[in-house]
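For reference, the structure discussed in these notes is given below.
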Amino acid sequence: MPVPWEALIPFGLLVGLFGVAGTGLNIVKRSQNDWKPPRYSLDRWEEMMMERDRRLTGTLRGQRTDPIAPKEFATNSVWDSTRLNA
Amino acid sequence: MAAPGVFKDRTYSDPNPLPSSVPAVDELGTTSAPLKSASFFIGQYCKPVNDDFMLCKQENQDPAHCLKEGRKVTRCAAELISKLRENCLKEFDAHWQCLENNNQYFHACRKVEKELNSCVFTKLNLTKSIPGTPEGMQQIHEKKNPLFGPLTK
Chain A
35 MPVPWEALIP FGLLVGLFGV AGTGLNIVKR SQNDWKPPRY SLDRWEEMMM
85 ERDRRLTGTL RGQRTDPIAP KEFATNSVWD STRLNA
Chain B
5 MAAPGVFKDR TYSDPNPLPS SVPAVDELGT TSAPLKSASF FIGQYCKPVN
55 DDFMLCKQEN QDPAHCLKEG RKVTRCAAEL ISKLRENCLK EFDAHWQCLE
105 NNNQYFHACR KVEKELNSCV FTKLNLTKSI PGTPEGMQQI HEKKNPLFGP
155 LTK
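Heads up: the sequence lines are chains A and B, in that order. For this note's numbering, add 34 to where a residue sits in the first sequence, where the first one is 1. For this note's numbering, add 4 to where a residue sits in the second sequence, where the first one is 1.
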């Protein structure tokens with residue numbers, strides 16, 4: 035008796051399309067994080083450290099182990115400011 | 005990235021270097037993951053210098069008050085990082101790269117951490133010990149079958 039393979043097409047579509055969407059999202063998230071898993075549950079300390087990493091290496095996830103910082107690090111600090119009166 | 009409730013209007017940066025009356029010190033160039041990996045060793049190696057700085061800060065929060073102690077802290081940490089790189093580069097690199105892939109959680113990288121700890125103990129005579137551990141309780145990084153591991157979410 036012939037196997038009703040046409041009935042399995044929807045399942046195949048679901049699996050395939052979920053897979054494509056998931057893989058695509060994973061690739062996009064990783065590409066924004068220097069091809070590492072994205073960070074999560076970040077508190078103010080972690081955000082401050084990541085901003086320091088950006089000042090040292092150029093990207094939010096870049097890492098380096100040199101004990102001496104590049105020359106620009108001494109003066110490239112960035113502070114947020116809020117305008118208080120118009 | 006600003007504090008909650010504060011609307012960021014514009015950023016402010018000052019390209020002028022410190023005045024020449026302040027002695028210059030090379031800033032620490034290590035980023036967050038290697039620093040976290042070496043944190044307990046820095047804590048042990050630089051304890052007197054760090055305690056000096058914290059006590060000085062307790063007296064007076066003004067940044068200009070504790071510049072000298074701050075320079076000592078920076079130099080001590082840079083010294084330890086260079087020693088670590090000299091002696092245990094492979095284990096150090098493996099540990100902080102593992103941390104980077106696991107949201108910088110220590111409990112996900114115990115295996116690599118054990119190797120780093122043994123290398124640092126033999127070469128630099130430093131042990132990792134968590135300061136707040138209650139008396140008689142085993143250090144959490146030495147627990148044989150920990151509850152949390154790399155796959156725990």
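Cβ atoms here follow ideal geometry from the backbone N, Cα and C, with glycine treated the same way.
How many Å lie between residue i and residue j at the Cα?
| i | j | result |
| --- | --- | --- |
| A/Trp39 | A/Thr57 | 26 Å |
| B/Ile134 | B/Gly47 | 10 Å |
| A/Asn110 | B/Asn20 | 9 Å |
| A/Thr93 | A/Arg86 | 10 Å |
| B/Thr137 | B/His145 | 11 Å |
| A/Arg117 | B/Asp18 | 18 Å |
| B/Val124 | A/Ala108 | 30 Å |
| A/Glu80 | B/Ser43 | 15 Å |
| A/Val54 | A/Ile61 | 10 Å |
Hey, could you find the ends of the beta strand (DSSP E) residue i is sitting in?
| i | result |
| --- | --- |
| A/Leu114 | Rather than Leu, the amino acid found at residue 114 of chain A in this sequence is Asp. Start and end: 113 to 115. |
| B/Arg14 | 14 to 16 |
According to the neighbour-count rule (16 or more other Cβ atoms, all chains shown, within 10 Å of its Cβ), is residue i buried or exposed?
| i | result |
| --- | --- |
| B/Met5 | Because the pLDDT of B/Met5 is 49, which lies under 50, any placement of that residue in the model is unreliable, and the number read from its coordinates should be weighed accordingly. The residue in question, B/Met5, is exposed, as its Cβ has fewer than 16 Cβ neighbours within 10 Å. |
| B/Ser24 | exposed |
| A/Val112 | exposed |
| B/Ile85 | buried |
| A/Ser75 | exposed |
| B/Ala37 | buried |
| B/Gln65 | exposed |
| A/Arg78 | exposed |
| A/Phe45 | exposed |
| B/Asn149 | exposed |
| B/Lys12 | exposed |
| A/Gln97 | buried |
So the alpha helix (DSSP H) residue i belongs to, where does it begin and stop?
| i | result |
| --- | --- |
| A/Thr57 | 43 to 65 |
| B/Pro52 | 51 to 63 |
| B/Ile85 | 71 to 104 |
| A/Met82 | 78 to 91 |
| B/Phe125 | 114 to 128 |
| B/Pro138 | Run containing B/Pro138: none; DSSP gives neither H nor E here. |
| B/Ala37 | 36 to 41 |
Return the residue from the list the options that minimises the CA-CA distance to residue i.
| i | options | result |
| --- | --- | --- |
| A/Lys105 | B/Asp30, B/Leu84, B/Asn20 | B/Asp30 |
| B/Tyr109 | B/Lys40, B/Cys92, B/Cys70 | B/Lys40 |
| B/Asn129 | B/Phe45, B/Leu59, B/Lys61, B/Leu22 | B/Phe45 |
| B/Arg79 | B/Gly33, B/Asp18, B/Lys148 | B/Gly33 |
| A/Thr99 | B/Tyr49, B/Val77, B/Ala82 | B/Ala82 |
| B/Thr53 | B/Lys118, B/Lys72, B/Ala98 | At residue 53 of chain B the sequence reads Val, which differs from the Thr that was named. Of B/Lys118, B/Lys72, B/Ala98, the residue nearest in Cα terms is B/Lys72. |
| B/Lys179 | B/Gly153, B/Cys92, B/Asp13, B/Leu93 | The requested residue 179 of chain B is not part of the displayed model; chain B covers only 5 to 157. |
Please list the partners that residue i has in chain B, where partner means a Cβ-to-Cβ separation under 8 Å.
| i | result |
| --- | --- |
| A/Leu137 | In this structure chain A extends from 35 to 120, so residue 137 of chain A is not present and cannot be described. |
| A/Met84 | Ser36 |
Whose Cβ in chain A lies nearer than 9 Å to the Cβ of residue i?
| i | result |
| --- | --- |
| B/Gly33 | Leu90, Arg98, Thr99, Asp100, Pro101, Ile102, Ala103, Pro104, Phe107 |
What residues of chain B sit near residue i, judged by a beta carbon separation below 9 Å?
| i | result |
| --- | --- |
| A/Trp113 | Thr15, Tyr16, Ser17, Asp18 |
For a contact defined as C-beta to C-beta under 8 Å, what are the partners of residue i on chain A?
| i | result |
| --- | --- |
| B/Phe11 | Thr116 |
Would you mind telling me which residues of chain A sit closer than 7 Å to residue i, beta carbon to beta carbon, in chain order?
| i | result |
| --- | --- |
| B/Ala82 | Pro101, Ile102 |
| B/Ser86 | Pro101 |
| B/Glu104 | Lys70, Gln97 |
| B/Pro21 | Ala108, Thr109 |
Does any heavy atom of the ligand GTP sit closer than 7 Å to the C-beta of residue i?
| i | result |
| --- | --- |
| A/Gly58 | Absence of the ligand GTP from the depicted structure is noted, as is the absence of any ligand whatsoever, leaving it without description. |
State yes or no: is the beta carbon of residue i nearer than 8 Å to at least one beta carbon in chain D?
| i | result |
| --- | --- |
| B/Pro135 | Protein chains in the displayed structure are A and B, and chain D is not among them. |
Taking residue i as the query, report the chain B residues whose CB atoms sit under 7 Å from its CB, ordered along the chain.
| i | result |
| --- | --- |
| A/Asp87 | Thr35, Ser36 |
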